[in-house]
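Notes to accompany the following structure.
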Amino acid sequence: MRLLDGRQLLGERRPDDREFAELVAARSPALRRTAYLMCGDWHQSEDLVQIAFIKLHAAWGRVRRREDLDAYLRRTLLRACIDEKRHVRWRREQLSADLSADAPPGAVEPAGASYGPDPEALADREALVGALRALPSGQRAVLVLRFWDDQSVEETARLLGCSTGTVKSQTARGLTALRAVFASPAHAADPDRYTTTERKA
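Its first residue numbered 1, the sequence shown is counted upward by one per residue in the numbering used here.
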């Protein structure tokens with residue numbers, strides 16, 4: 001009779017260590033970018049990503065199917081970001097001029113884009129993160145998922161647990177707010193540099 005190993009006896013409630021390490025290495029950069037755009041602090045974003053992976057590790061038996069992993073990680077990360085904002089007193093000083101040294105180049109670039117670490121791009125990044133942080137959490141989450149994580153309206157609605165109509169209205173309001181910020185004389189950055197295409201349902 002073939003003996004079952006510990007993982008089989010437990011119904012694969014825990015992932016293989018090497019498999020999980022590969023998953024962490026592959027998914028961490030994109031998740032850190034999402035968390036950074038949500039919270040505005042690179043070091044805090046790393047902590048939030050760790051929380052997401054810890055929760056995935058504990059829930060592996062329920063979400064071990066490969067197609068569920070990304071969605072679970074994103075949902076868990078978004079909830080952690082929102083919960084952290086509720087319980088921690090965020091200060092605007094976190095978004096000061098030294099922010100460019102906080103996050104590495106490319107931290108807020110949309111998936112697949114590359115603008116390089118030139119001074120103008122760094123200034124744009126500071127302004128963009130500050131503008132995102134000024135938005136209500138719902139609008140910020142929708143914009144990050146739609147334009148930086150390249151999620152569809154339907155997938156964004158599923159991740160946030162809301163209707164597609166809510167996603168569309170939050171997207172429109174968020175983009176209007178961002179454009180108002182960048183249209184002011186105090187900001188030279190163009191939000192369309194980052195959100196170049198209005199995604200359709």
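Ideal Cβ placement from N, Cα and C applies to all residues, glycine included. All values derive from a computational prediction rather than experimental measurement.
{"query": "Check for me: the alpha helix (DSSP H) holding residue 167 runs from which residue to which?", "result": "164-183"}
{"query": "According to DSSP, is residue 151 part of a helix, a strand, or is it coil?", "result": "coil"}
{"query": "Do you know how far the Cα of residue 134 is from the Cα of residue 69?", "result": "30 Å"}
{"query": "Helix, strand or coil for residue 61? Go by DSSP, reduced to three states.", "result": "helix"}
{"query": "Could you have a look at residue 136 and say whether DSSP puts it in helix, strand or coil?", "result": "coil"}
{"query": "Using DSSP with H/G/I as helix, E/B as strand and the rest coil, what is residue 146?", "result": "helix"}
{"query": "How many angstroms separate the CA atom of residue 132 from the CA atom of residue 38?", "result": "8 Å"}
{"query": "Could you check where the alpha helix (DSSP H) with residue 15 kicks off and where it finishes?", "result": "Neither: residue 15 is in no alpha helix (DSSP H) and is coded neither H nor E."}
{"query": "Select from 41, 42, 53 the residue whose C-alpha is nearest the C-alpha of residue 22.", "result": "53"}
{"query": "List the whole-angstrom C-beta distance separating residue 174 from residue 153, where the pair is believed to meet the contact cut-off of C-beta under 8 Å.", "result": "Contact flag wrong, Cβ pair sits at about 13 Å."}
{"query": "Residues in the same chain with beta-carbon distance under 6 Å from residue 18, minus the five sequence neighbours each way, listed in chain order, please.", "result": "none"}
{"query": "If you draw a straight line from the C-alpha of residue 137 to the C-alpha of residue 78, how long is it?", "result": "10 Å"}
{"query": "Nearest by alpha-carbon distance to residue 129: which of 172, 35, 59, 75 is it?", "result": "35"}
{"query": "When the distance is taken between beta carbons, is residue 27 closer than 7 Å to residue 45?", "result": "no"}
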